[in-house]
Amino acid sequence: MTDPCNIDRRDDLTHRIDAMRRGETTATDRLEASLTAIDRRNDELNAYHETLEDTARAVASEIDGRIARGEEARPLAGAILAVKDNICTTEGRTTCSSRMLENYRSPFDATVIRRLRDAGAILVGKTNLDEFAMGSGSEHCAWGPVRNPWATDRVPGGSSGGSAAAVAADLCDAALGSDTGGSIRQPAALCGVVGLKPTYGRISRYGLVAFGSSLDQIGPICRSVRDASLLYSVMAGVDPHDATTAELEVESWNESMRPAPDQLRIGIPREQRNAEHHPGVSEMFERAIDRLEAAGTSIVELDLPLTDQGISTYYVIAPAEASSNLGRYDGIRYGHRAKPMPGEGLEELYARTRTEGFGPEVRRRIMLGTYVLSAGYYDAYYKRALQVRRLIREEYDRAFEQCDLLLGPTTPGPAFRIGAERDPVSEYLNDVYTVNANIAGIPALSIPAGSTEVDGVGLPIGVHLQAPPFAESRLFGAGSTIESILAD
Amino acid sequence: MSSEMTTTIRQEDIASVRLIIGLEIHVELSTRSKMFTRAPNPACPEFEDSPPNTLVDPLVDALPGTLPVMNRRAVEMSAKVGLALGCSIAEHAKWDRKNYAYPDLPKSYQISQYDLPLCFDGAVDIPSADGGQRRIGITRAHLEEDTGKLGHELPGGGSYAGSLVDLNRAGTPLLEIVTEPDFDCAEDVVTFARELRSLCRFLGVTEGVMQKGHMRFEPNINLVIDTNEGREYRTPVVEIKNLNSFRAVEGAIEHERTRQLEEFLETGRVMGRGMKRTRGWDDQKLVTVLQREKEDAHDYRYFPEPDLLPVEMDEAWIEAVRREIPELPIARRARYRDDYGLPEKDASSLVEDRDLCFWFEDVVTQQLEATTETSVDARQAGHEAAKLILNQLAKRANERGVLAHETGVTAAQVAQLLQLRREGTVPPQAVDRLLELAEAQPLDMGELAESNGLVVVRDEGAMEGWIEAAIESQAQAAEDVRQGKDAAVGRLVGAVMKASGGQADAKDVRARLLEKLRP
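Protein chains in written order, with numbering that gives the first Met the number 0: chain F, 0 to 487; chain Y, 0 to 518.
See the structure below:
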């Protein structure tokens, strides 16, 4: 049974790199095909802000030369990658989908960009996102929403919606996203692709435009779990530019290390199994559990009572950090500056600059964050949130004593219609299952789990796999096994 | 909200007025790079006076995507100061963000240490104006980063209608030291401030040039007023911002004493919640002026800095820092006084500058290590070195606007010169000439004296002849000496010196004349 929303995970980046090595295709041919596809589909999908064709073509041709001369051994040689537009690149602009940074060009590459270039990647373009990565639908964008390739009246999820849509529509081999509360995994699930949020401190944040600094992680959005592991292996590791990166060796992983289904001990949180989801999600999740059990996997039901506390904790910590991180956008040194009015003081100029430069969702979160950090409210909100954060970490520690990994749905439902979420809180609840991994700093992976039909259209949904800190290779092993079980 | 209280006290009701002063000191550390990035630090002599906005990198400019990385050297320097001030060093210190918007603060927050400072609970003893010792408690010393500067003057002169931002100073490591309110007079605050500056310079953590803002002082001042009826009133605390001279510190405190008393008599306002006000010092009018009414009008929204890990200084690291601490000025001064017999003033002059002090000690050591016939003890070596350095050498240095160790004369040469003098090889009047020669030539002092004809003549025959001739030509003086009038010997010595062309040792000549005339 082939799912209508399944992308061909065998035709993944890993496979395409091999094909180029074997001389069956060239980087240049593949790049041209991608650029053509982008040209054809981007007006509709609005996944890309811009393409970086000139450099991309030069890099592709250089790689083809190296392959022809038998000199190319780099792990990502010829990989066509899209980059979320909140990751700094010296080519093109880095806008964060904000009028504030409409014409901003970074003088430096993010550490991940440098590592990917060094590994032979071709950066094809910068992708659309919710402004400063704040959103779950890629609707809060300065230049229009991203559309889901499977149903263009629907959102692709967010905030890395441009990257997820680009991968799902095959407008690149893989893409980079950033994940503060689910921003990689939720759009990956809603677009039917794989998304990884690594352990906090595993991949350098240097060059990622900060949103919630204690939660943000860069990660890959891919066609397969093994692609995610490939990109992860290039990007992960300590970086002297980011003091929060861990000085821990990055374990290598390959498919030969894939465990058999009966070697897996998977924990299923009752709070996620029994919650009121979209019926398609509940159905999908029960089917996934059945298939795993049938394959011999041991399923452990357990309690994660703090599941529901994640969103409120997150909506204190993330806006608090954002309110501070976004203070720098004052129009003094760079970025948008309101036209000064005669007799206007500094405060007024700041206020108008920031009101003009930021969209409503960003302004809402800055105000929220400023409020929770204010004298007299700090203890009731921020300090309390940090206490709950510790409890959530401890809850995970206890859970991982009973199982190797946790499995749940990535989202409570499939993609919603563009413009449907008028209430911010109901939009925020899209991240109910993903956000705790950010709060606890643990790694998590979303894997396509088929689709559900809504109004006659098949919409992808995903399962969410979580592992203890720095156990990414466990995630890849189990993820790859589950990927096969669910796809067959 | 405010628990402002008023009362009516008249001048004649007052029995006594006492000052209470606590001090905050900002010290710019002279690391090569800034606190959280590799951009050069203008508080390091190599980079001072750089043109505006040249000591800037993406982090200093707060470009999106940049992250701070802690400068370990700045942490070590701070711990060093903390240890020297008798503080405990935190095993676990953390960073916090202090949020406020201003164009000289590019990130819109300052990385500082709010509730877990690096150093805390220290104390220093200073000589008090009342003649005794006074113990000043050190509440804490924490690290943060400096801001940029706003100006209205164009580079190269000329004024500008708007504000110009110079980010060179933004991110310079800043050590903030906070004392307990243990001072009761301006003199002691100045003594402490000078002592702290000298200590920091000795530790090599700052250039300590006040005019350049390397050290800025902020006293918190109020009065305790006792009435004849036995009641006590405390005036609201006033903080004076950014004083960068000792004179200003003294002036501001003295002015506040008068001003706060007058204000109290007029308004009766006493200390209460949220009453702390901020004033500045007007260097021209010599008065303090109101800057901000209430401190807690500012809400800095402190929260833990998520981009940095806490500072974990383990025992080994602290010990390594402790080993780098040289003998401190207070201890050195005491040693110079006790071991070398130097007056307090001379001892202070020698420790005023770290390099001068180390150079002086080098001169002493080299004398003690030299193998010569005339032996010297430490007391004599130290005493004589200090006298030569602080008198003849300092005079020559002053004329050139440098310090005594910077004239070109080496420590070895000074040690040799002192030895030559002790042996009587060169006469005292040759010292200045020899220093002049040594400034230009790094040669052995003995050789310099020899080749320039400055060695005392040892020709006994010639000496005998000059003495005979002098007694003959100054017969009256000779007779006076014979009669016991010692003062008359000077004229005879002068005649011998003249005859010798200045190469005789006057002291030796005097002794010989007395020997001859009054055997």
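Idealized CB from N, CA, C, for every residue including glycine.
Item                                                                                                                               : Value
Length of the line joining the Cα atoms of P305 (chain Y) and A118 (chain F)                                                       : 30 Å
Closest by C-alpha distance to L428 (chain F), when choosing among F:L444, F:D238 and F:T409                                       : F:T409
The stretch 12-23 of chain F in contact with the stretch 36-44 of chain F per 3-pair CB rule at 8 Å                                : no
Classification of L214 (chain F) by the beta-carbon crowding that lies within 10 angstroms, buried from 16 upward                  : buried
Chain-ordered neighbours of S323 (chain F) on chain Y, where CB pairs are closer than 8 Å                                          : R96, N98, S107, Y108, R300 and F302
Bridge-paired residues (DSSP) for F119 (chain Y)                                                                                   : Y:S87 and Y:R139
Neighbouring residues, chain Y, relative to Y349 (chain F) (Cβ below 7 Å)                                                          : A100
Chain Y contacts from the stretch 361-381 of chain F (Cβ-Cβ distance under 8 Å)                                                    : T369, L372, S373, A374, Y377 and Y381
Bridge-paired residues (DSSP) for G124 (chain F)                                                                                   : F:T50 and F:A81
Residues, ordered as in the chain, of the stretch 57-71 of chain Y that lie near chain F by beta-carbon distance below 8 Å         : P57, D60, A61, L62, P63, G64, T65, L66, P67, V68 and M69
is_contact[Y205 (chain F), chain Y] using C-beta, thresh 8 Å                                                                       : yes
Cβ neighbour criterion (16 or more within 10 Å) applied to V424 (chain F)                                                          : exposed
Coil, strand or helix - D281 (chain Y) by DSSP                                                                                     : strand
Partner residues on chain F for L308 (chain Y), Cβ-Cβ distance less than 8 Å                                                       : A242 and T243
Any C-beta of chain C under 8 Å from that of I331 (chain F)                                                                        : Here chain C cannot be found, since the structure's protein chains are F and Y.
Where T65 (chain Y) sits in the DSSP three-state scheme                                                                            : coil
Chain F within 8 Å of P51 (chain Y), Cβ atoms only                                                                                 : no
Of the residues F:T93, F:A109 and F:I112, the one placed nearest Y103 (chain F), counting alpha carbons only                       : F:T93
Boundaries (first-last residue) of the alpha helix (DSSP H) holding L314 (chain F)                                                 : Checking the sequence, you will find Tyr at residue 314 (chain F) rather than Leu. Residues G309 to N324.
Cβ shell of S322 (chain F) (< 6 Å), same chain only, five flanking positions each side left out                                    : I365, G368 and T369
Three-pair Cβ contact test at 8 Å for the stretch 360-372 of chain Y versus the stretch 384-395 of chain Y                         : yes
Residues in the stretch 159-172 of chain Y having any Cβ partner in chain F nearer than 8 Å                                        : V164
Element boundaries [beta strand (DSSP E), containing L58 (chain Y)]                                                                : Neither: L58 (chain Y) is in no beta strand (DSSP E) and is coded neither H nor E.
Cut-off 7 Å between Cβ atoms - residues of its own chain near C184 (chain Y), not counting five sequence neighbours on either side : L18 and A128
Near-chain Y residues of the stretch 435-468 of chain F - C-beta to any C-beta below 8 Å                                           : none
Inter-residue CB distance, I220 (chain Y) and I176 (chain Y) (contact presumed, cutoff 8 Å)                                        : Not a contact, Cβ separation roughly 17 Å.
Per-residue burial, A474 (chain Y) [other beta carbons within 10 Å of its own, 16 or more giving buried]                           : exposed
Cutoff 6 Å; reference G200 (chain F); Cβ partners in own chain excluding five residues on either side                              : T243, T244 and A245
Any C-beta of chain F under 8 Å from that of P154 (chain Y)                                                                        : no
Chain-ordered chain F contacts of P39 (chain Y) [CB-CB under 9 Å]                                                                  : Under the 9 Å cutoff, chain F gives no residues; its nearest Cβ is about 18 Å from P39 (chain Y).
Three-state class that DSSP yields for K240 (chain Y) in the structure shown                                                       : coil
Where N219 (chain Y) falls: helix, strand or coil (DSSP)                                                                           : strand
DSSP-derived helix/strand/coil call for D430 (chain F)                                                                             : helix
Length of the line joining the Cα atoms of G407 (chain F) and I288 (chain F)                                                       : 9 Å
Bridge partner(s) assigned by DSSP for M214 (chain Y)                                                                              : Y:V26
Classification of T30 (chain Y) by the beta-carbon crowding that lies within 10 angstroms, buried from 16 upward                   : buried
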